[in-house]
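Here's the structure, in C-alpha cells; my notes come after.
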Amino acid sequence: MKRLELGTTLDGFCIGACLHAGGMAHIYEVTYADQRPAPFAMVMKVPRMTAGDGAENIVSFEVEHQILQLLQGMHVPRFVAAGDLVNLPYLVMEHVQGQTLQQRLDHFTQQHTRPSAAEIAQIGAAVARALHSLHQQNTCHLDLKPANVLMHPDGHAVLLDFGLSCHAHYPDLLAEELRKAVGSPAWIAPEQVVGVRGDPRSDIFALGVVLYELATGELPFGNPQTDGGMRQRLWMDPKPPRQWRADVPEWLQEVVLRCLAPEADQRYPSAAHVAFDLENPEAIHVTARGRQLQGTSFWTHLKRWVKAAGMHYQPSAMPTQQIDEVPIVMVAVPHHEASDATLYALRQAVARVLKNRPGARLTVVTVISTSQTSATESAKSETSVHRQHLAQLHQWAQPLDIAQHPTSFHVLEANDVANALLRYAEGNHVSMIVMGAATHGLQMQRFVTTVPIKVAMDAPCTVMLVKQTLPFERL
Amino acid sequence: MKLALLSDVHSNLHALDACLLHAQTQGADRIAVLGDLVGYGAFPSEVVTRCQALQAQGAIVLRGNHEELVQRHAGMTPKTDQTLGEQTAQWTHDQLSPAQRFWLEILPLTAHLEQTLLVHASADAPEKWRYITDERIAALSLDAACANPEVRYVFGGHVHHPSLYYRGTGRQLMAFKPTAGVAIPVPSHRRWIATVGSVGQPRDGNPRAMYALFDSTAGKLTFHRVAYDNMAAARCVREAGLPEFCARRLETGQ
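Chains as they are written, first to last, in my numbering: chain A, 34 to 508; chain B, 1155 to 1408.
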C-alpha cells in the first residue's frame, strides 16, 4: 500500500505522523477519527505490499496479524484493531513509550563506552522475563534483536514485531517443506538456520547474541549474507567476550556463552532460568567457559564442523510444555524454632519434586525479620547475619542430591514473611513453592497458619504445603 | 455461517446428541453430517432418525463407506475373516427399516456450500473411500476440489482423527495437529483441507467425542472434544450383542 497522507481517515482511525518507513511496513501515529479519547497512544502498521503480491512480506504480516491478537501482558504492545487482510491490511496497537535496545546500543557505540555488567544484567533479565511471558503463551518470537526490543522507562522490556513468530496453536504459515532459514542473519539460532521453527530456546540463543553485543559491541557471528555464513553457528564457538574486553566479568561470559551453545539442549532450558542467573550473578556457577580468554581451537572447530554436517535438530514440544519440564522450585526454609521433623519433611518433599524434573532449578530461601540486622553492631551487621543464615541453608540442603540442579540460596529481609515469599516467587518466575504447612517461627505464633495460607491463596504458581512427619528411626 | 461438522457418528446416539448440544451452545446455525452414520454402535435406527430430522431442518447429510457396507452385506453369509465393520454391518442392516436403508443409499457423496466442499473421504475420488493420511493425499483431494475456483475449504472425516493441512510459503501442503478448543484462523485467501475426527468412535486414546465448528464469517475453525456418557454407550453396544472390541473402544477411546 502506498504511503498514507497525514490527516486522512482509514477505517475509523485518523492518520498522524509517519514514525517509521521500513522495507516491510509503514508505521503511523493514529487517533480515533471520531475524536473519542483512546486509553493509550496508538500506532498503525500498514504493510507495503498487498496480498496480491504473494510475497513473504505479506505472509509475515499475516502471522503478526494473527498472533498479536492473542498475546497478552505488559511485554507486548496492546492490540487495538485489525483490518481485513485481503482488502485493507493494517494493525492498530499500543504505541509503547521508550527506546529500542538498538538505539541504546548505538548510543554506547557513539560514546565509545560499554554498559556496565550490572546494566547488561538488568537489561538482559528484563528481556528474558519478556521472552518467558511470551513462551508461557505458547509463542516463540524467532526474530529477537535489539531493534525489536523496546525498553520501557520503568525498566521492563516490550517485544515488537511478531512477523516471524510462531504460535504452537496455529499452523505455522512460514514453515515450508524445504526448511529454509527464516530470521535475521546476525541473531538467528542454529536450528532456525536449518528451518526448525518453534523452539523457545531459539529465542534464548538470540538473547545470547544481544547480550554479547551489549558486552562487546560486536556481533558473535558477524552479519552473514549467505547460508554458509549462517551455518557457521552450527559448529563455531564465538570469540569469548573476555577476549574482546578483559573487563567483562566471568559470570557474564558464562551466561552469554551458555545462551549461544550450538545445541539447544546445552543452552538455558527456559528464559526464566536466564533471568534468574542475571538477577543473581553471585550465585552463577562459573565454569571454564566463563573464564576462558582464548577462542576455541582450530582442531576442536574442525571436529565440530564435521559433526555439524550431520546435525539433526528435532522439532520441539509446545513451548508451555517445554518450560513446564524445567521449573524453578523455591523452598522456604524456616530459620529458627523449626523442628528437625519439619526440616526433614521439607527436604523430602523437595527431593521428590526434583527427582521428577531433571532440568529443575532450586532456590532455597529464608526470610528473616529486619530487626535481626543492625547497621551499628558488628555482630548483627547485615553481612554476618546473612552469612550465618546462608550457612544454615547450605547445611539444610547438604543431604539433597543437587549436583545436577542449579541451586542458589537467598536470605530475604522482611517483616511480612508471606509477602516477601510471594514477591520473590513472582519476581523470579518460580513455578512451585514448597513450604511447611505450619512454620515460620514462634514470634509469629498467633499468625502461624496464616503465612502458608496467605501464600497459597495469592501465589502466582503451585504451592506445596508440607506436613511434618517424624522419622523416629533417624533421630 | 457457523457450520458444525460432524463425521463418523457410527450409531453412537449418546455422542451425537452431546455434540449437537455442544454445537448449539457454540452458536452453530448450520449442521453437516459427513458420512458413516452407522456401523459399530448400538443405535443405527435412532441415529438415522435423528439425522433425517436434521436434514429436514436444512442439515447436509452425506454418505460414507459404512452406509455402503450395510447395503452390501445384506443377506450375506458371514465369512470367517470379516472386518469389525462387516461384522456389525449385518446387524445394522437388520435394525434399519427398508425406508431408512433406502434413505441411506440415496445420500449424496459430496456437497457444496458457499466456499466449502464437504466429502466423507477424499474429494478426488469420493467413491473410493481413500483415507487422508498425509500431505500428498490431502493435496490430491484439495486440488480436485479446487477445480471449482470458488472452493476454499474441504472438510471430511473417515480417518477418525482431527487434522488440518495448509500451504505455507512452500509449494507442498503442510500438516498441522490442532489443539482442541482453539479457534484456528483459516482465512479464505488460502486453501484448507481438514479432517474433523469422529463423533462416535475416537481412536486416539481419548474417549471424548470430536467434531469441528467452522465460522465462515470470522474465518476460524475450531476442533472440539466433547465429553459424553461413553460408558453408557459402551454398555449398550455390549447389550446389543455386538463385538466386545467395539464396546471397549468406546470406553478407552482406543
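For each residue, glycine too, the CB sits at the ideal point set by N, CA and C.
Collapsed DSSP secondary structure at residue i in the structure displayed
i: lysine 1331 of chain B; result: coil
i: threonine 1139 of chain B; result: Not covered by the structure: residue 1139 of chain B. The range shown for chain B is 1155 to 1408.
i: leucine 103 of chain A; result: coil
i: lysine 1374 of chain B; result: strand
i: glycine 469 of chain A; result: strand
i: phenylalanine 254 of chain A; result: coil
i: serine 441 of chain A; result: strand
i: leucine 43 of chain A; result: strand
i: histidine 1266 of chain B; result: strand
i: alanine 1386 of chain B; result: helix
i: glutamate 446 of chain A; result: strand
i: threonine 396 of chain A; result: strand
i: leucine 335 of chain A; result: helix
i: proline 1339 of chain B; result: strand
i: alanine 1172 of chain B; result: helix
i: threonine 495 of chain A; result: strand
i: alanine 308 of chain A; result: helix
i: valine 227 of chain A; result: coil
i: valine 362 of chain A; result: strand
i: alanine 297 of chain A; result: helix
i: isoleucine 317 of chain A; result: coil
i: alanine 1253 of chain B; result: helix
Residues sharing a beta bridge with residue i, DSSP
i: cysteine 51 of chain A; result: A/Tyr61
i: alanine 1348 of chain B; result: B/Phe1309, B/Leu1318
i: glutamine 132 of chain A; result: A/Met184
i: methionine 126 of chain A; result: A/Val76, A/Phe112
i: lysine 1156 of chain B; result: B/Asp1369
i: histidine 200 of chain A; result: A/Thr172
i: leucine 1272 of chain B; result: B/Ala1265, B/Phe1309
i: arginine 1184 of chain B; result: B/Leu1157
Closer than 8 Å to chain B by CB, residue i
i: histidine 168 of chain A; result: no
i: proline 218 of chain A; result: no
i: glutamine 428 of chain A; result: no
i: valine 119 of chain A; result: yes
i: glutamate 224 of chain A; result: no
i: proline 204 of chain A; result: yes
i: glutamine 99 of chain A; result: yes
i: leucine 207 of chain A; result: yes
i: valine 96 of chain A; result: no
i: valine 109 of chain A; result: no
i: proline 488 of chain A; result: Rather than proline, the amino acid found at residue 488 of chain A in this sequence is valine. No, because no Cβ of chain B sits closer than 8 Å to the Cβ of valine 488 of chain A.
i: glutamine 476 of chain A; result: In this predicted model, glutamine 476 of chain A has a pLDDT of only 47, less than 50, meaning its place in the structure is not dependable; the value taken from the coordinates is given anyway. Chain B contact via Cβ: absent.
i: valine 92 of chain A; result: yes
CB contact check: residue i to chain A, cutoff 8 Å
i: lysine 1156 of chain B; result: no
i: aspartate 1171 of chain B; result: no
Near the ligand FMN: residue i beta-carbon under 7 Å from a heavy atom
i: glutamine 1408 of chain B; result: Of ligands this structure carries none, so the ligand FMN is not represented either.
Residue burial classification, residue i (beta-carbon count within 10 angstroms, cutoff 16)
i: methionine 363 of chain A; result: buried
i: glycine 1388 of chain B; result: In the sequence under discussion, the amino acid at residue 1388 of chain B is alanine, which differs from the glycine named in the question. With 16 or more Cβ atoms within 10 Å of its Cβ, alanine 1388 of chain B is classed as buried.
i: glycine 157 of chain A; result: buried
i: histidine 140 of chain A; result: exposed
i: phenylalanine 73 of chain A; result: exposed
i: tryptophan 268 of chain A; result: buried
i: histidine 369 of chain A; result: exposed
i: alanine 453 of chain A; result: buried
i: glycine 1195 of chain B; result: buried
i: asparagine 256 of chain A; result: exposed
i: asparagine 389 of chain A; result: exposed
i: serine 407 of chain A; result: exposed
i: tyrosine 1285 of chain B; result: exposed
i: arginine 385 of chain A; result: exposed
i: glutamate 1217 of chain B; result: Residue identity differs from the one stated: residue 1217 of chain B is arginine in this sequence, not glutamate. When all chains shown are included, arginine 1217 of chain B counts as buried.
i: alanine 1177 of chain B; result: buried
i: valine 339 of chain A; result: exposed
i: histidine 318 of chain A; result: exposed
i: alanine 159 of chain A; result: buried
i: alanine 1211 of chain B; result: Alanine is not the amino acid found at residue 1211 of chain B; the sequence shown has glutamine there. Result: exposed.
i: phenylalanine 1197 of chain B; result: buried
ask   = If you measure beta-carbon to beta-carbon, which residues of the stretch 1307 to 1319 of chain B are closer than 7 Å to chain A?
value = Leu1318
request  = Compile a chain-ordered list of the residues in the stretch 1321 to 1351 of chain B whose CB is closer than 7 Å to at least one CB of chain A.
outcome  = Gly1322, Thr1323, Gly1324, Gln1326, Met1328, Phe1330, Thr1333, Val1336, Ile1338, Pro1339, Pro1341, His1343
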